[in-house]
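Peer 1:
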Amino acid sequence: MRPLGTKVSQATGIGPERRNREGDTMSDTLERVKKVLQEGFEVDPAKVTPESTLASLGLDSLDTVEVVMQCEEEFGIEIDQESNPSTVGEFVTVIDNTLGE
Amino acid sequence: MAFHVMGTGSARPEHVVTNDDLSRFLDTDDEWISSRTGISTRRCCTTETCSDLAEAAARAALDNAGVAAGELDLIICSTITADDLTPSCAAVVQERVGASCPAFDLNAACAGFVFALDVAHGYFARGAAKRVLVVSAEKMSRMVDWTERSVSVLFGDGAGAVVLGAGGESPLYTKLTTRGSHDTLWCPNMEGNSPFDTTAKPEPYLHMRGQEVFKFAVTSICSDVRQMCSEAGVEAGDIDLFVFHQANKRILDSAVEKLGLDRDKVAYTIQESGNISSACIPLTLDTLNRQGRLREGDLVCCSGFGAGLVVATTLLKWGSAL
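Going line by line, the protein sequences match chains A and B.
Following the numbering used here, the residues of the first sequence are numbered contiguously, the last one being 114.
Following the numbering used here, the residues of the second sequence are numbered contiguously, the last one being 1082.
1) For the region 983 to 1003 of chain B against the region 863 to 879 of chain B, are there 3 or more C-beta pairs whose distance is under 8 Å?
2) Rounding to the nearest angstrom, what Cα-Cα distance links K975 (chain B) and G830 (chain B) in this structure?
3) Just the Cα atoms here: how many angstroms apart are R986 (chain B) and V874 (chain B)?
4) Using DSSP with H/G/I as helix, E/B as strand and the rest coil, what is W906 (chain B)?
5) Measuring CB to CB, does L75 (chain A) end up less than 8 Å from R1010 (chain B)?
6) Give the straight-line distance between the Cα atoms of Q1006 (chain B) and E815 (chain B), rounded to the nearest whole angstrom.
7) Once the 5 residues before and after R856 (chain B) are set aside, which same chain residues still bring their CB inside 7 Å of it?
8) Any residues in the region 78 to 97 of chain A with a beta carbon nearer than 8 Å to a beta carbon of chain B? Which ones, in chain order?
9) With DSSP as the reference, identify every bridge partner of D917 (chain B), one or two as the case may be.
10) So, with DSSP's three-state summary, where would you put L933 (chain B)?
11) What do you reckon, are the CB atoms on G729 (chain B) and C947 (chain B) nearer than 8 Å?
12) Would you kindly report the start and end of the unbroken alpha helix (DSSP H) that includes A1066 (chain B)?
13) Could you check the C-alpha separation between V911 (chain B) and E55 (chain A) for me, to the nearest Å?
14) Between the Cα of D780 (chain B) and those of B:A921, B:S983, B:I799, spot the shortest distance and give me the residue it belongs to.
15) Given a limit of 8 Å on CB to CB distance, which residues of the region 47 to 78 of chain A reach chain B?
16) Between K1009 (chain B) and chain A, is there a C-beta pair that is closer than 8 Å?
17) Please state whether DSSP places L72 (chain A) in a helix, a strand or coil.
18) So, helix, strand or coil for G940 (chain B), using DSSP?
19) So the alpha helix (DSSP H) A821 (chain B) belongs to, where does it begin and stop?
20) Output needed for T111 (chain A): all residues of its chain with C-beta closer than 7 Å, excluding positions within five of it in sequence on either side, in chain order.
21) For L945 (chain B) and Y965 (chain B), what's the separation of their Cα atoms in angstroms?
22) So the alpha helix (DSSP H) T788 (chain B) belongs to, where does it begin and stop?
23) Restricting to Cα atoms, I'd like to know which of B:S795, B:E991, B:E972 is closest to K935 (chain B).
24) I need the straight-line Cα distance from S983 (chain B) to T937 (chain B), nearest angstrom please.
25) Count the other CB atoms, across all protein chains shown, that sit within 10 Å of the CB of G1111 (chain B); report buried if there are 16 or more and exposed otherwise.
26) Find the residues of chain A that neighbour F974 (chain B), judging by a C-beta separation of less than 7 Å, and give them in chain order.
27) Using DSSP with H/G/I as helix, E/B as strand and the rest coil, what is M82 (chain A)?
28) List the whole-angstrom C-beta distance separating C837 (chain B) from A897 (chain B), where the pair is believed to meet the contact cut-off of C-beta under 8 Å.
As structure tokens, then:
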């Protein structure tokens, strides 16, 4: 179900060689998750840190599913339902891990 | 041969249950329920049975269609909450309205009405029926755990029915999908008391993984509507009315936004009915029909989704036989 992996890597420059340099990938993914939160949910990016829970940013459980779906679209991936991320940092980790599969 | 909708009917129990009513025995409140579901009130059976609701909706649809029960060639009832495992709800309706045709139940959960339309279409296509009654009746209040706020606040009771006649242009498109997934949304059947049975006895209520259902529903509506437009050769903007299963206003809002639909063309009855499983779509059709909002030639897209997991989408052309 994940034929998009390669395409995404090419589109974003997050190839396997860069994924090893965790810092770069993490910050890039974080910025894009912030963008999803800003555009879809009017969350001020300045208030978002990796430790922020979505609840602390004013999002409820159904918003969380929306964030998952919008991240799937943004990154061209399918996020495992069981991963159940709740902080922004956990979202970034799940996305990076999925991209790395 | 295709069919046309000759008449519609619906029925709801008398007792109105508000969110404030629920907050008296559940740890919840109107703001929590309204913001997460879009539901303000729902109807719950007190003295009414599922068969009572089915019968009342069926009678209303027959009356609206100007068809006598004796003229029916088939009755299909979609339900997951029939009063009895056997006989079927459809058989009870057949007896009560005084019909003499074959009658059976169909279980496709919240997509049951659209599945039933497709089965009926098969009868019309092979010339086996001229008049078909499809009735969807649900008494969801007997299926949910009333001590569990995350599920019980979502559901209500009611029924909707249509009488279909041979001839016409419907359906212009139908697609049924089943993606078998037991644990996402399920309710166990009767336990019995067999001394030989050693299987687990799960709680006899509806179990739901809400977030998974939410994602499945939004994704399914979007992909089905896009595929329907592509295969039926219509633009979403050409469709006069979208009647989606009323599971949760947030699900509908999300799908409507992703599809870029005109909100005025999307039916919302969830606020005053809650989720009535397969009865949502025909009940909504009847409500709009009686408000005069359905006109000859209107393109009406009905899409249901639910436990199974199932999705069913159809495109009807409202109006009389050609």
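For glycine and all other residues, C-beta sits at the position ideal for the given N, C-alpha and C.
Note that this is a predicted model, so its numbers are computed, not measured.
Peer 2: Checking against the coordinates, here is how it stands:
1) The region 983 to 1003 of chain B is not in contact with the region 863 to 879 of chain B.
2) Counting from 1 along the second sequence, the entry for residue 975 (chain B) is found at position 215. Counting from 1 along the second sequence, the entry for residue 830 (chain B) is found at position 70. In a straight line, the C-alpha of K975 (chain B) is about 44 Å away from that of G830 (chain B).
3) Your numbering for residue 986 (chain B) matches position 226 in the second sequence. Your numbering for residue 874 (chain B) matches position 114 in the second sequence. Going from the Cα of R986 (chain B) to the Cα of V874 (chain B) covers about 18 Å.
4) Residue mapping note: residue 906 (chain B) aligns to position 146 of the second sequence, counting from 1. It is coil, neither helix nor strand.
5) Walking along the first sequence from the start, residue 75 (chain A) turns up at place 62. Walking along the second sequence from the start, residue 1010 (chain B) turns up at place 250. In contact: L75 (chain A) and R1010 (chain B) (Cβ atoms closer than 8 Å).
6) Against the second sequence, residue 1006 (chain B) aligns to sequence position 246. Against the second sequence, residue 815 (chain B) aligns to sequence position 55. Q1006 (chain B) and E815 (chain B): Cα-Cα distance of roughly 22 Å.
7) For the purposes of this step, residue 856 (chain B) is taken as residue 96 along the second sequence, with counting starting at 1. Cβ within range, chain order: E815.
8) Per Cβ criterion, the list reads V78, E79, V81, M82, Q94.
9) Mapped onto the second sequence, residue 917 (chain B) falls at position 157. DSSP lists B:K899 as the beta-bridge partner residues of D917 (chain B).
10) The residue given as residue 933 (chain B) occupies position 173 in the second sequence. Note that residue 933 (chain B) is Tyr in the sequence shown here, rather than Leu. Note: Y933 (chain B) maps to strand in three-state DSSP.
11) The question about residue 729 (chain B) has no answer here: the residues shown for chain B are numbered 761 through 1082.
12) Residue 1066 (chain B) sits at position 306 when you count from the first residue of the second sequence. Correcting the residue type first, residue 1066 (chain B) is Gly in the shown sequence and not Ala. Per DSSP, G1066 (chain B) belongs to no alpha helix (DSSP H); it is in the beta strand (DSSP E), 1059 to 1066.
13) Translated into the one-based positions of the second sequence, residue 911 (chain B) becomes position 151. Translated into the one-based positions of the first sequence, residue 55 (chain A) becomes position 42. Cα-Cα distance, rounded: 29 Å.
14) What you label residue 780 (chain B) is simply residue 20 of the second sequence in a count that begins at 1. The option with the nearest alpha carbon to D780 (chain B) is B:I799.
15) Residues passing the 8 Å Cβ filter: D73, S74, L75, T77, V78.
16) As a working note, residue 1009 (chain B) is residue 249 in the second sequence. No, its Cβ sits nowhere closer than 8 Å to a Cβ of chain A.
17) The residue given as residue 72 (chain A) occupies position 59 in the first sequence. If DSSP states are grouped into helix, strand and coil, L72 (chain A) belongs with coil.
18) Taking the first residue of the second sequence as 1, we reach residue 940 (chain B) at position 180. If DSSP states are grouped into helix, strand and coil, G940 (chain B) belongs with the strands.
19) As a working mapping, residue 821 (chain B) is identified with position 61 in the second sequence. Segment 810 to 825, the alpha helix (DSSP H) holding A821 (chain B).
20) Within the first sequence, the letter at position 98 stands for residue 111 (chain A). So the qualifying residues of the chain are I90, I92.
21) Against the second sequence, residue 945 (chain B) aligns to sequence position 185. Against the second sequence, residue 965 (chain B) aligns to sequence position 205. Answer to the nearest angstrom: the Cα atoms are 11 Å apart.
22) Within the second sequence, residue 788 (chain B) is the residue found at index 28, counting from 1. Judged by DSSP secondary structure, T788 (chain B) falls outside any alpha helix (DSSP H); it is assigned neither H nor E.
23) In the second sequence, counting from the first residue as 1, residue 935 (chain B) sits at position 175. Measuring from the Cα of K935 (chain B), the nearest candidate turns out to be B:E991.
24) Here residue 983 (chain B) is taken as the residue at index 223 of the second sequence, counted from 1. Here residue 937 (chain B) is taken as the residue at index 177 of the second sequence, counted from 1. Taking the Cα positions, S983 (chain B) is about 11 Å away from T937 (chain B).
25) Here chain B comprises residues numbered 761 to 1082, so residue 1111 (chain B) is not present and cannot be evaluated.
26) Position 214 of the second sequence, counted from the first residue, corresponds to residue 974 (chain B). Those are L75, V78, listed as they occur along chain A.
27) Locating residue 82 (chain A) in the first sequence gives position 69, counting from the first residue. Helix, per DSSP.
28) Position 77 of the second sequence, counted from the start, is the residue given in the question as residue 837 (chain B). Position 137 of the second sequence, counted from the start, is the residue given in the question as residue 897 (chain B). Correct: roughly 6 Å between the Cβ atoms.
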